[in-house]
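Q:
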Amino acid sequence: MITESADIQKILRQKFPQIAESGLQQEIIEVGKVMHFKPWEIIMDFDSYVKMIPLIVSGSIKVSREDDLDGREILLYFLGEGETCSLSFTCCMMNKKSIIRTQAMEETTIIGIPIKYMDLWMSKYQSWKNFVMQTYESKMMDLVKSLDSIAFESMDTRLVKYLQARVDNTGSTLIQATHQEIANDLNASREAVSRLLKKLENAGEVELGRNQIKLLK
DNA sequence: ACATTAAGTGATT
DNA sequence: AATCACTTAATGT
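In the working numbering, each residue's number is its place in the first sequence (first place is 1) plus 450.
#1: Check whether the Cβ atoms of Ser510 and Leu525 lie closer than 8 Å to each other.
#2: Kindly give me the distance between the Cβ atoms of Ser577 and Leu474, rounded to whole angstroms, as I take these residues to be in contact under 8 Å.
#3: Which residues in the same chain as Ile461 place their Cβ atom closer than 6 Å to its Cβ, once the five residues preceding and following it in sequence are excluded?
#4: Using the Cα positions of Lys611 and Gln459, report the straight-line distance between them to the nearest angstrom.
#5: For Met555, which of helix, strand or coil comes out of DSSP?
#6: Just how far apart, CA to CA, sit Asn545 and Asn580?
#7: Hey, could you find the ends of the alpha helix (DSSP H) Ile478 is sitting in?
#8: Return the CA-CA distance between Gln553 and Ile493, expressed in angstroms with no decimal places.
#9: Return the chain-ordered ranges of every alpha helix (DSSP H) run that is complete within the stretch 593 to 621 and spans a minimum of 4 residues.
#10: Count the other CB atoms within 10 Å of the CB of Arg551; is the residue buried (16 or more) or exposed (fewer)?
#11: Candidates Met572, Lys566, Asp606: which alpha carbon is nearest Gly482's?
#12: Candidates Glu556, Gly562, Gly532, Val500: which alpha carbon is nearest Ile479's?
#13: Quick one: give me the first and last residue of the alpha helix (DSSP H) that Leu636 is part of.
#14: Under the rule that 16 or more other beta-carbon atoms within 10 Å means buried, what is Ala470, buried or exposed?
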């Protein structure tokens, strides 16, 4: 458990070197709330009002979108250590309801920043502005790539990229998920995922187990 | 031992 | 590539 302000300071230096400006760092320590989430716990759901900007300290978060018609869900991108939820920015600036769902993929710790500081810090601290802009750009790229992937790529490359993204995000080559869950993320059928994974296993790229996949390459 | 859930497979569209 | 129908394997009670 991380609660001491000295700990927060240490975390900021380690995980968020971009926003190490001393005054800013002090303010984050004062107003930031450290929060923990368990695997699968939903941090923010559709239609809820965004009131905190999360700085992700450890763990990883899945950002997804739900289809209005049949309630199917599609993965947009993952967020990892040292990042923040870029869509939160626009959402809370406009005071709009969330159009996305964010869900912890594993034990995840964040520092929550109340929205009122967002605006203030943008003009007050150069490093904050840069941090916001830089993560915004980075996630926008992920989003575009994800769109390209859905539109132009076949299931097998989409699956490989998905596995790679999860590994990159968690820093672990072991992915804990059922084929069904992966299929939901990719909006594919479970059978298709199972078959493609089997192919990857035969090609020596992964090792399959119940509820888990190990990436070998 | 039995029930439940995950994964593998062939056939059909 | 989706769906169906069914089998096999792993796991929980």
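No residue lacks a Cβ here, since even glycine has one placed at the ideal position from N, Cα and C.
A: According to the data block:
#1: If you number the first sequence from 1, residue 510 lands on position 60. If you number the first sequence from 1, residue 525 lands on position 75. It is not a contact, given that the beta carbons lie outside the stated cut-off.
#2: Along the first sequence, one-based indexing puts residue 577 at 127. Along the first sequence, one-based indexing puts residue 474 at 24. So it is a contact: roughly 6 Å between Cβ atoms.
#3: Translated into the one-based positions of the first sequence, residue 461 becomes position 11. Apart from the 5 residues on each side of it in sequence, Ile461 sits with its Cβ closer than 6 Å to the Cβ of Val507 in its chain, given in chain order.
#4: Within the first sequence, numbered from 1, the residue matching residue 611 stands at position 161. Within the first sequence, numbered from 1, the residue matching residue 459 stands at position 9. Straight-line Cα distance between these residues: approximately 35 Å.
#5: Here the question's residue 555 lines up with position 105 in the first sequence. Coil.
#6: Taking the first residue of the first sequence as 1, we reach residue 545 at position 95. Taking the first residue of the first sequence as 1, we reach residue 580 at position 130. About 22 Å.
#7: Taking the first sequence and counting its residues from 1, one reaches residue 478 at position 28. Segment 472 to 481, the alpha helix (DSSP H) holding Ile478.
#8: Translated into positions along the first sequence, residue 553 becomes position 103. Translated into positions along the first sequence, residue 493 becomes position 43. Their Cα atoms are separated by approximately 5 Å.
#9: Correct list: 605 to 620.
#10: The residue labelled residue 551 in the question sits at position 101 within the first sequence. Its Cβ being crowded by 16 or more others within 10 Å, Arg551 is buried.
#11: On the first sequence, position 32 is the one that residue 482 refers to. Of the listed residues, the one whose Cα sits closest to Gly482 is Lys566.
#12: Taking the first sequence and counting its residues from 1, the one referred to as residue 479 is at position 29. Considering only alpha carbons, the answer is Gly562.
#13: Translated into the one-based positions of the first sequence, residue 636 becomes position 186. Segment 629 to 636, the alpha helix (DSSP H) holding Leu636.
#14: For the purposes of this step, residue 470 is identified with residue 20 of the first sequence, where counting begins at 1. Under this definition Ala470 is an exposed residue.
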